[in-house]
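Residue numbers (our numbering), protein chains in the order written: chain A, 17 to 280; chain B, 17 to 280; chain C, 17 to 280; chain D, 17 to 280. In what follows, a structure is listed as structure tokens, so that the remarks can point back to it.
There are 4 protein chains.
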Amino acid sequence: MNDSKTEPEELRSIDLNVDAGEQADSSRMESERDLLSRVSSANIACGYHAGNAQVMRRAVEWCAELGVAVGAHPGLPDPQGFGRRELAVTARELEADTIYQIGALHAFATAAGVPLVHVKPHGALYHMASRRRELAEAIVRAAQAVDPKLAIVGPAGSELLNAASEAGLRVIEEGFVDRAYLADGSLAPRSLDGAVHSSEREAIEQALSIVERGTVKALDGGTAAVRAQTLCLHGDTPGAASFAAALNRSLRERGYLIRSPGTR
Amino acid sequence: MNDSKTEPEELRSIDLNVDAGEQADSSRMESERDLLSRVSSANIACGYHAGNAQVMRRAVEWCAELGVAVGAHPGLPDPQGFGRRELAVTARELEADTIYQIGALHAFATAAGVPLVHVKPHGALYHMASRRRELAEAIVRAAQAVDPKLAIVGPAGSELLNAASEAGLRVIEEGFVDRAYLADGSLAPRSLDGAVHSSEREAIEQALSIVERGTVKALDGGTAAVRAQTLCLHGDTPGAASFAAALNRSLRERGYLIRSPGTR
Amino acid sequence: MNDSKTEPEELRSIDLNVDAGEQADSSRMESERDLLSRVSSANIACGYHAGNAQVMRRAVEWCAELGVAVGAHPGLPDPQGFGRRELAVTARELEADTIYQIGALHAFATAAGVPLVHVKPHGALYHMASRRRELAEAIVRAAQAVDPKLAIVGPAGSELLNAASEAGLRVIEEGFVDRAYLADGSLAPRSLDGAVHSSEREAIEQALSIVERGTVKALDGGTAAVRAQTLCLHGDTPGAASFAAALNRSLRERGYLIRSPGTR
Amino acid sequence: MNDSKTEPEELRSIDLNVDAGEQADSSRMESERDLLSRVSSANIACGYHAGNAQVMRRAVEWCAELGVAVGAHPGLPDPQGFGRRELAVTARELEADTIYQIGALHAFATAAGVPLVHVKPHGALYHMASRRRELAEAIVRAAQAVDPKLAIVGPAGSELLNAASEAGLRVIEEGFVDRAYLADGSLAPRSLDGAVHSSEREAIEQALSIVERGTVKALDGGTAAVRAQTLCLHGDTPGAASFAAALNRSLRERGYLIRSPGTR
Numbered sequence: 017m018n019d020s021k022t023e024p025e026e027l028r029s030i031d032l033n034v035d036a037g038e039q040a041d042s043s044r045m046e047s048e049r050d051l052l053s054r055v056s057s058a059n060i061a062c063g064y065h066a067g068n069a070q071v072m073r074r075a076v077e078w079c080a081e082l083g084v085a086v087g088a089h090p091g092l093p094d095p096q097g098f099g100r101r102e103l104a105v106t107a108r109e110l111e112a113d114t115i116y117q118i119g120a121l122h123a124f125a126t127a128a129g130v131p132l133v134h135v136k137p138h139g140a141l142y143h144m145a146s147r148r149r150e151l152a153e154a155i156v157r158a159a160q161a162v163d164p165k166l167a168i169v170g171p172a173g174s175e176l177l178n179a180a181s182e183a184g185l186r187v188i189e190e191g192f193v194d195r196a197y198l199a200d201g202s203l204a205p206r207s208l209d210g211a212v213h214s215s216e217r218e219a220i221e222q223a224l225s226i227v228e229r230g231t232v233k234a235l236d237g238g239t240a241a242v243r244a245q246t247l248c249l250h251g252d253t254p255g256a257a258s259f260a261a262a263l264n265r266s267l268r269e270r271g272y273l274i275r276s277p278g279t280r
Numbered sequence: 017m018n019d020s021k022t023e024p025e026e027l028r029s030i031d032l033n034v035d036a037g038e039q040a041d042s043s044r045m046e047s048e049r050d051l052l053s054r055v056s057s058a059n060i061a062c063g064y065h066a067g068n069a070q071v072m073r074r075a076v077e078w079c080a081e082l083g084v085a086v087g088a089h090p091g092l093p094d095p096q097g098f099g100r101r102e103l104a105v106t107a108r109e110l111e112a113d114t115i116y117q118i119g120a121l122h123a124f125a126t127a128a129g130v131p132l133v134h135v136k137p138h139g140a141l142y143h144m145a146s147r148r149r150e151l152a153e154a155i156v157r158a159a160q161a162v163d164p165k166l167a168i169v170g171p172a173g174s175e176l177l178n179a180a181s182e183a184g185l186r187v188i189e190e191g192f193v194d195r196a197y198l199a200d201g202s203l204a205p206r207s208l209d210g211a212v213h214s215s216e217r218e219a220i221e222q223a224l225s226i227v228e229r230g231t232v233k234a235l236d237g238g239t240a241a242v243r244a245q246t247l248c249l250h251g252d253t254p255g256a257a258s259f260a261a262a263l264n265r266s267l268r269e270r271g272y273l274i275r276s277p278g279t280r
Numbered sequence: 017m018n019d020s021k022t023e024p025e026e027l028r029s030i031d032l033n034v035d036a037g038e039q040a041d042s043s044r045m046e047s048e049r050d051l052l053s054r055v056s057s058a059n060i061a062c063g064y065h066a067g068n069a070q071v072m073r074r075a076v077e078w079c080a081e082l083g084v085a086v087g088a089h090p091g092l093p094d095p096q097g098f099g100r101r102e103l104a105v106t107a108r109e110l111e112a113d114t115i116y117q118i119g120a121l122h123a124f125a126t127a128a129g130v131p132l133v134h135v136k137p138h139g140a141l142y143h144m145a146s147r148r149r150e151l152a153e154a155i156v157r158a159a160q161a162v163d164p165k166l167a168i169v170g171p172a173g174s175e176l177l178n179a180a181s182e183a184g185l186r187v188i189e190e191g192f193v194d195r196a197y198l199a200d201g202s203l204a205p206r207s208l209d210g211a212v213h214s215s216e217r218e219a220i221e222q223a224l225s226i227v228e229r230g231t232v233k234a235l236d237g238g239t240a241a242v243r244a245q246t247l248c249l250h251g252d253t254p255g256a257a258s259f260a261a262a263l264n265r266s267l268r269e270r271g272y273l274i275r276s277p278g279t280r
Numbered sequence: 017m018n019d020s021k022t023e024p025e026e027l028r029s030i031d032l033n034v035d036a037g038e039q040a041d042s043s044r045m046e047s048e049r050d051l052l053s054r055v056s057s058a059n060i061a062c063g064y065h066a067g068n069a070q071v072m073r074r075a076v077e078w079c080a081e082l083g084v085a086v087g088a089h090p091g092l093p094d095p096q097g098f099g100r101r102e103l104a105v106t107a108r109e110l111e112a113d114t115i116y117q118i119g120a121l122h123a124f125a126t127a128a129g130v131p132l133v134h135v136k137p138h139g140a141l142y143h144m145a146s147r148r149r150e151l152a153e154a155i156v157r158a159a160q161a162v163d164p165k166l167a168i169v170g171p172a173g174s175e176l177l178n179a180a181s182e183a184g185l186r187v188i189e190e191g192f193v194d195r196a197y198l199a200d201g202s203l204a205p206r207s208l209d210g211a212v213h214s215s216e217r218e219a220i221e222q223a224l225s226i227v228e229r230g231t232v233k234a235l236d237g238g239t240a241a242v243r244a245q246t247l248c249l250h251g252d253t254p255g256a257a258s259f260a261a262a263l264n265r266s267l268r269e270r271g272y273l274i275r276s277p278g279t280r
């Protein structure tokens with residue numbers, strides 16, 4: 017992906033990803049289809065932190081219909097905490113948990129006639145796997161065991177992507193549009209003023225800055241390098257679908273294709 | 017399978033199957049490996065009525081090591097009732113539930129380098145799918161969607177096997193060795209005296225009668241036809257492993273190979 | 017309650033009840049407080065078909081603050097099906113499941129300094145307990161074991177209320193405002209045209225007819241007797257809060273107090 | 017409890033406690049009744065890390081029949097990890113989780129006509145609440161909210177018992193008979209040789225040493241002070257019931273009554 021600078025048309029594409037299938041009940045998913053129609057990749061919950069078989073099938077079917085790349089969004093087995101709380105899993109436990117979750121979603125993708133494209137860990141697991149090599153490797157081993165063509169989504173420079181690269185898996189670097197960065201390239205802690213961009217305009221500016229320059233204005237001054245082939249949108253806020261539509265439009269107006277690097 | 021009478025060596029093989037991976041905790045599985053070493057097929061719980069990722073992986077690894085055919089044992093989402101209580105699922109719900117469960121186990125089989133060979137529904141679902149065509153078809157569609165080479169295990173003449181055959185899936189007919197049959201070929205209800213064979217000797221005699229003659233002595237008089245390529249052992253009784261060893265020995269003494277028809 | 021006709025002021029009160037605490041995540045409950053402010057009783061999910069400890073506490077705290085009577089809303093252990101699918105529980109199993117659920121909610125009520133007022137079974141369990149005496153008795157025994165002052169909510173004439181009355185528990189008869197009745201007093205099956213009142217106006221008219229005359233216009237002609245001390249509102253439809261406000265206002269304009277009979 | 021030295025008869029009693037109700041299925045509890053008959057207190061799982069309504073009721077009924085003090089054994093919401101893995105719960109979350117679990121078990125005790133006597137956190141939560149004051153206080157607040165007469169079980173000197181004492185709850189100090197201690201009074205880490213007493217004789221000697229002298233031989237030399245009114249037995253090892261019987265006999269031969277301090 018990094019040598020794409022020599023291929024002009026590749027320069028002009030970007031992926032938008034959103035979490036999907038997090039509902040407890042497939043009858044409560046009305047708003048999700050609209051959101052999915054604005055993005056190019058979906059990270060579908062696999063029944064651990066959220067979702068269930070009915071919801072997963074529905075989300076996969078919509079992705080198939082809309083041409084959205086289907087990804088697994090494995091999480092910690094903590095539905096009460098929505099996978100947001102760290103749990104002291106061992107690497108061996110995590111490997112089995114991840115095989116289970118990817119395997120279940122892979123089956124729905126197969127049933128819908130579409131490939132499973134990527135794996136992006138959810139919530140606390142995303143952060144744990146970004147920092148701790150043995151957990152990163154457990155996720156990578158699980159993905160590789162189920163399907164060696166899977167891509168791994170994570171922050172640029174993270175242990176997760178390092179482990180994936182070394183194992184020969186494709187990696188997709190992810191940037192955030194509604195969170196401020198510090199000059200060292202890390203996300204600003206939510207406790208800092210300005211850590212979350214509250215206006216659509218700010219978030220769209222940050223998105224354009226990431227895709228056009230690979231940098232963002234840092235919250236602590238100067239600029240931060242943010243290398244990303246995919247941008248993460250949050251689907252669980254009230255204006256999510258309208259923001260996704262606005263960002264999608266802004267990017268296309270600048271000449272970007274909205275598509276998953278995993279499907280190139 | 018039914019025309020195997022012209023192939024003498026085929027006549028002399030029988031499958032022994034047992035449920036596996038039903039523990040809540042992989043540290044409580046010590047006794048399971050011994051039982052698995054006496055059979056040729058395992059039906060592994062997939063996390064709905066019992067089991068979880070750690071337990072599933074362990075059970076699959078033992079099967080791989082021991083040359084036991086790995087099968088999925090999907091159940092109803094009722095862990096409290098161990099999948100033994102009927103639940104009013106729709107065919108569409110059941111299809112998704114079964115894709116999820118088979119998909120998860122398929123991934124563990126792939127990770128262990130062995131094929132997923134068969135699917136046998138568990139508990140109340142076994143009975144529901146034997147009688148109700150639309151549920152049988154839902155399970156068959158799910159199996160076919162994940163892997164069209166899967167075989168379906170069920171009672172001879174059941175809607176489950178009818179649906180599987182018509183869909184072009186291989187079928188494996190199952191007989192029971194510790195349950196008495198009625199003359200019409202159905203299992204005697206547990207409420208009847210003598211419905212459960214309490215002695216090892218009786219159960220082994222019934223097993224030999226099924227494999228050698230395709231009939232058993234009926235509880236209500238006469239004989240019942242019981243066509244079976246696999247015999248179901250129950251693993252959760254105290255003497256399960258020693259009974260499995262005794263049955264295994266008796267069959268081999270008569271010249272039978274103990275092996276899964278799904279792996280021929 | 018039925019001899020209240022001699023007490024004029026009692027004639028002029030009615031309870032409005034709504035299901036609460038059905039979210040998977042206490043951070044997704046914003047809209048619930050508004051709805052609770054329009055009713056006099058809440059049926060709080062207890063973790064079986066929906067809800068969890070965090071959500072239950074939040075719902076109970078809001079009820080305490082708003083003066084809404086707290087009730088337990090026990091369901092079948094089927095979160096995937098939201099408790100809407102019949103499950104073949106035995107009376108003995110149901111009794112334990114109901115003790116568990118009422119006990120957990122009772123503790124939150126105690127912690128919040130308010131009484132637990134009533135028990136209303138949820139979904140498929142409501143219907144099963146209305147028709148099947150042994151299940152009705154199991155729920156009544158469970159309620160009585162935890163707190164003999166609990167009232168039981170159900171349809172007038174149901175096995176559930178019969179069992180409760182005979183056991184000496186108070187009963188609260190429930191009517192539905194957005195569902196049409198047949199002349200025999202039963203709810204019209206959803207498959208019939210007109211079974212669900214789609215307009216606010218129709219639903220409010222039915223509510224007023226129930227409280228003022230104890231009858232409604234039957235879908236199959238004539239009138240149906242509907243005896244009710246509480247009216248059930250559905251909280252999971254888009255306009256739920258605004259409808260609750262409109263109904264609340266209409267009843268108060270006619271001089272009715274909106275309050276739980278369980279707290280008189 | 018500590019000034020009991022002036023009351024000779026009090027000197028001569030000790031509590032034996034064991035975890036109970038950890039099965040997934042009440043039909044698999046046969047061995048539990050025997051174990052319960054050898055102890056004076058049971059810590060019953062409440063459905064989070066293990067157990068369910070059927071199992072809880074059965075365990076409580078046996079305790080009632082055998083005169084064993086019923087205690088709640090709340091755990092982290094991690095059934096896959098059997099509550100043995102640390103989870104990053106907040107104090108506020110833990111308080112609600114503990115109210116839920118104690119409340120549910122309290123209801124079964126009420127239904128069986130016996131008091132709920134004590135609360136002992138399970139697994140990782142036991143260790144987290146022993147060390148972290150805000151979590152200790154959350155458990156204490158939960159216990160107090162449900163029933164201010166509840167006693168709290170934990171290690172002498174722990175934050176858990178400090179918080180309980182300061183809140184005015186009774187405390188029960190716990191010692192371990194099959195684990196070696198270090199001279200500072202802490203349990204020897206399992207990674208050290210000799211950290212677990214593998215022989216019955218060693219464990220019984222340690223038990224007698226704790227009750228008679230309040231000290232044990234430390235693994236790292238010298239003696240460790242171990243103040244305990246209750247001794248923890250582990251029920252999930254093969255020889256658990258026979259060891260419990262042997263310890264029970266040894267203590268009674270020395271003149272000790274086996275009984276819960278919570279019921280004095």
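Ideal Cβ placement from N, Cα and C applies to all residues, glycine included.
Residue nearest to V86 of chain B within the set B:G99, B:F98, B:A36 is B:A36 (criterion: CA-CA distance). Assigned with DSSP and collapsed to three states, N59 of chain C falls in strand. Of the candidates D:G237, D:G99, D:V76, D:N33, D:G237 places its Cα closest to the Cα of A199 of chain D. Among the CB atoms of chain B, none fall inside 7 Å of the CB of A219 of chain D. Annotation: G271 of chain D to S47 of chain D spans about 28 Å, alpha carbon to alpha carbon. DSSP places A128 of chain D inside the alpha helix (DSSP H), whose first and last residues are 107–128. Comparing alpha carbon positions, the residue from D:R157, D:L110, D:A120 closest to G67 of chain D is D:A120.
Annotation for S174 of chain B: A145, S146, R147, A152 place their beta carbon closer than 8 Å to its own, counting only its chain and skipping 5 residues before and after. A196 of chain C sits close to L235 of chain C, with the two beta carbons spaced by under 7 Å.
Separation of the CB atoms of F192 of chain D and G139 of chain D is rounded to 14 Å, and the pair is thereby denied contact status at 8 Å.
The closest CA to that of R108 of chain D, considering only C:Q117, C:I155, C:Y142, C:A69, is found on C:A69. For the pair V227 of chain C and I60 of chain C, the CB atoms are not nearer than the 7 Å cut-off. In the pairwise beta carbon analysis, the segment 117–133 of chain C is classified as touching the segment 114–134 of chain D: at least three pairs are separated by under 8 Å. Taking 7 Å as the cut-off, the beta carbon of S42 of chain A is found closer than this to the beta carbon of V71 of chain A. For D41 of chain D, no chain C residue has a Cβ inside 7 Å of its Cβ, as the nearest lies near 12 Å away. Take the alpha-carbon of L82 of chain D and the one of A154 of chain D: they are about 32 Å apart.
In the three-state scheme derived from DSSP, where H, G and I count as helix and E and B as strand, D50 of chain A is classed as helix. By the Cβ neighbour-count rule, S56 of chain D is buried, with 16 or more other Cβ atoms within 10 Å of its own.
With its beta carbon less than 7 Å from one in chain C, N68 of chain A belongs to the interface.
L103 of chain C counts as buried, since no fewer than 16 other beta carbons sit within 10 angstroms of its beta carbon. When DSSP states are grouped into helix, strand and coil, N68 of chain B belongs to the coil group. DSSP places H250 of chain A outside both helix and strand once states are collapsed to three, so it counts as coil. Exposure of L273 of chain B is indicated by the presence of fewer than 16 other C-beta atoms within 10 angstroms of its C-beta. Within the model, the alpha-carbon separation for T279 of chain C versus I188 of chain C is close to 11 Å.
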